[in-house]
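Down below is the structure, laid out as structure tokens.
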Amino acid sequence: MFMAREEEREKEAEQKAKEESRTVELTNFLVRQRTDDSLSPFFTTTSENCTDILDLISLPFERFVAKCLCINDHDDINLGDHHSIFFWSVNYCDDLLRANRRGEVTRILSRVDLFSAVRSFALAHSYSLWYDPFLKLIIADRKIDILHLLNELLLTPRDRPNVNSGCVSAAFVIAAGSPPQLPSHLDLSPIIGHIAQHPSWVNWREISDTLIAYLVQCDMPTLSERSAVHEFLQQCIDMELCDYDGIPCDTSEETLHAAQALLDRTSSLDIPQPHLIFD
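Under numbering that gives the first Met the number 0, the first residue of the sequence shown is numbered 0, with each subsequent residue one higher.
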């Protein structure tokens with residue numbers, strides 16, 4: 000009786016393995032047929048993810064691209080080379096914009112979750128300057144929401160080491176608006192701390208101008224990460240400040256003087272020593 004049950008279980012396991020193998024083969028076949036898009040080759044089919052991949056490639060193409068734009072925000076299952084899938088989904092949308100097919104981009108974005116998409120950008124391996132126009136379309140008029148999201152990302156221990164500093168800077172510039180309008184009641188010190196850890200010549204002048212204007216208006220003693228703010232102010236008056244590549248970060252004379260005035264004004268406050276976390 001025991002042997003019979005054992006044989007039955009072995010047959011069931013063998014049958015299940017065969018079915019899984021057929022499903023993987025079918026999924027691989029269907030993925031290989033998608034020769035008209037540059038995203039699908041980066042999916043890697045396994046028995047664990049083939050159902051998810053089948054669900055994805057079964058979607059209308061615009062919804063498929065929308066899902067791929069958010070793929071870095073989903074680390075619960077491995078679908079393959081997530082960062083390449085993300086890159087080529089952004090590249091596809093950029094090509095549409097360059098071809099004056101903005102309506103198609105708008106339809107894709109209508110199917111995108113704002114926060115998931117921005118998190119996907121922030122968790123990408125790299126950030127390219129040509130992402131900016133598309134990221135600006137995603138953020139649109141939800142600027143304050145994005146400032147809150149950036150703070151949340153930078154305060155989450157799981158996400159913080161993986162956040163791409165280029166995206167944080169770019170998203171902050173977009174969310175600040177043009178001309179910049181930052182609410183003085185919002186505590187932006189987590190963002191300031193991240194920027195102080197990762198200064199970049201690309202947008203240092205614009206960011207430093209914007210943040211100094213914000214700090215002049217806000218109640219600095221109430222900020223949660225005052226040591227990070229102090230470090231940022233010190234960078235603003237450092238005429239030899241360079242980024243990690245050794246490229247000088249240019250600070251405007253007006254911002255330099257304003258930063259010095261803020262340092263003088265807060266010198267009597269109990270400012271803890273900066274404790275920067277290098278990722």
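Quick reminder that beta carbons are idealized off the backbone N, C-alpha and C, glycines included.
Since the model is a prediction, treat every value here as computed from it, not as a measurement.
Secondary structure at Pro-156, three-state DSSP: helix, strand or coil? coil
Sequence-distant residues of the same chain with beta carbon closer than 7 Å to Asp-242, five excluded per side: Excluding residues within five positions, the ones whose Cβ falls inside 7 Å are Pro-198, Ser-199, Trp-200 and Cys-248.
What separation, rounded to the nearest whole angstrom, lies between the Cα atoms of Leu-153 and Glu-18? 44 Å
Check whether the Cβ atoms of Cys-166 and Phe-114 sit closer than 8 Å, and answer yes or no. no
Pull up the CB-CB distance for Leu-240 and Ala-258, whole angstroms please, since I reckon it's below 8 Å. At roughly 11 Å, the Cβ-Cβ gap does not stay under 8 Å, so Leu-240 and Ala-258 are not in contact.
Would you mind working out which of Phe-133, Tyr-126, Trp-129 and Arg-118 sits nearest Ile-145, comparing C-alpha positions? Arg-118
Where do the ends of the alpha helix (DSSP H) carrying Asp-51 lie? 49-56
Report all residues from its chain with a CB closer than 8 Å to the CB of Asp-51; omit the five preceding and five following residues, and keep chain order. Ile-76 and Leu-78
Going by DSSP, what residues sit across from Phe-42 in a beta bridge? Gly-79
contact_flag[the region 121-136, the region 159-178] where n(CB pairs < 8 Å) is 3 or more: yes
Evaluate contact between the region 167-183 and the region 199-218, counting only Cβ atoms and requiring at least three cross-stretch pairs below 8 Å. yes
Only counting the same chain, and skipping five residues up and downstream in sequence, which positions put a Cβ closer than 8 Å to that of Pro-156? none
Collapsed DSSP secondary structure at Leu-275 in the structure displayed: A caution first: Leu-275 carries a pLDDT of 46, below 50, which makes its placement in the model too unreliable to give a value.
From what residue to what residue does the alpha helix (DSSP H) around Leu-255 run? 252-265
From the DSSP output, read off the bridge partner residues of Cys-241. Pro-247
Do Val-228 and Ser-266 come within 8 Å of each other at the CB atom, strictly closer than that value? no
Any idea if Arg-225 is buried or exposed, counting beta-carbon neighbours within 10 angstroms, 16 or more meaning buried? buried
Excluding the 5 residues flanking Leu-53 on each side, which residues of the same chain have their C-beta closer than 6 Å to its C-beta? Here the set comprises Thr-26.
Between Leu-95 and the rest of its own chain, which residues show a CB-CB distance below 7 Å, the 5 nearest in sequence each way excluded? Glu-103 and Val-104
Just to check my reading of the structure: Ile-84 and Ile-70 have Cβ atoms closer than 8 Å, yes? What is that Cβ distance to the nearest angstrom? 5 Å
Out of curiosity, what's the CA-to-CA distance linking Glu-205 and Val-172? 8 Å
Decide if Ala-174 is buried, meaning its Cβ has at least 16 other Cβ atoms within 10 Å, or exposed. buried
With 16 other Cβ atoms within 10 Å as the buried cut-off, status of His-256: In summary, His-256 is exposed, with fewer than 16 beta-carbon neighbours lying within 10 Å of its beta-carbon over all protein chains present.
Ile-190 and Leu-149 look like a contact to me (Cβ under 8 Å); what is the Cβ gap, rounded to whole Å? Indeed they touch by this definition, with Cβ atoms about 5 Å apart.
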